[in-house]
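So in the working numbering, spot 82 of the sequence shown is number 89, and the numbers just go up one at a time.
Even glycine gets a Cβ: it sits at the ideal position worked out from N, Cα and C.
Here's the structure we're looking at; comments come further down.
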Amino acid sequence: MMGAEGLKQASQNAILNANYIATRLKDAYPVLYTGRDGRVAHECILDIRPLKEETGISELDIAKRLIDFGFHAPTMSFPVAGTLMVEPTESESKVELDRFNRRDAGDPRGNRPRQSRRMAVGG
Numbered sequence: 008m009m010g011a012e013g014l015k016q017a018s019q020n021a022i023l024n025a026n027y028i029a030t031r032l033k034d035a036y037p038v039l040y041t042g043r044d045g046r047v048a049h050e051c052i053l054d055i056r057p058l059k060e061e062t063g064i065s066e067l068d069i070a071k072r073l074i075d076f077g078f079h080a081p082t083m084s085f086p087v088a089g090t091l092m093v094e095p096t097e098s099e100s101k102v103e104l105d106r107f108n109r110r111d112a113g114d115p116r117g118n119r120p121r122q123s124r125r126m127a128v129g130g
């Protein structure tokens, strides 16, 4: 199948993809559990609590919105309540990662930080 080198490359790609998402979304959501250099492992945990406090938009609202865009919903509220754990696989293309990071998919606020919960969830 993959062999030692293939497994190593797959692991590196998963880590690269998670860090790409974390870097792109860090201004919209605090990223929890980063290393000293600000990097994450193969997953990134996005803190939705400040957004929920400000707008009422919850991690469930965002997960449902991502499903609307054809994405698998991230793990919600684990390991921290009010967060999303995003785990992009090693096979995700940059095009797909960028589609995930689009303002209307990954950040329901878009460029309107005071957007209502109803608008964010598509209602």
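C-alpha gap between residue i and residue j, whole angstroms
i      : j      : result
ALA70  : GLY42  : 26 Å
GLN19  : PHE78  : 22 Å
GLN122 : GLY10  : Caution is warranted here: a pLDDT of 49 is assigned to GLN122, below 50, making its placement in the model unreliable, and no coordinate value can be reported.
VAL38  : GLU99  : 20 Å
ILE52  : VAL102 : 21 Å
THR82  : ASP34  : 20 Å
GLU60  : THR90  : 13 Å
PHE85  : GLU12  : 31 Å
ALA17  : LEU58  : 33 Å
ASP68  : TYR40  : 23 Å
LEU14  : ASP44  : 25 Å
ARG106 : VAL87  : 26 Å
TYR36  : MET8   : 38 Å
LEU104 : GLU97  : 11 Å
THR62  : ARG72  : 15 Å
Test item: CB-CB of residue i and residue j under 8 Å
i     : j     : result
ILE22 : VAL93 : no
ALA25 : HIS49 : yes
Where residue i sits in the DSSP three-state scheme
i      : result
ILE69  : helix
THR30  : helix
ASP54  : strand
VAL87  : coil
VAL102 : helix
THR82  : strand
Rounded Cβ spacing between residue i and residue j (contact assumed at less than 8 Å)
i     : j      : result
ARG31 : ASN108 : 4 Å
SER65 : ILE74  : That pair is no contact at about 14 Å.
Residues bridged to residue i [DSSP beta-bridge criterion]
i     : result
VAL47 : In DSSP, VAL47 forms no bridge with anything.
LEU23 : Bridge partners of LEU23: none, in fact.
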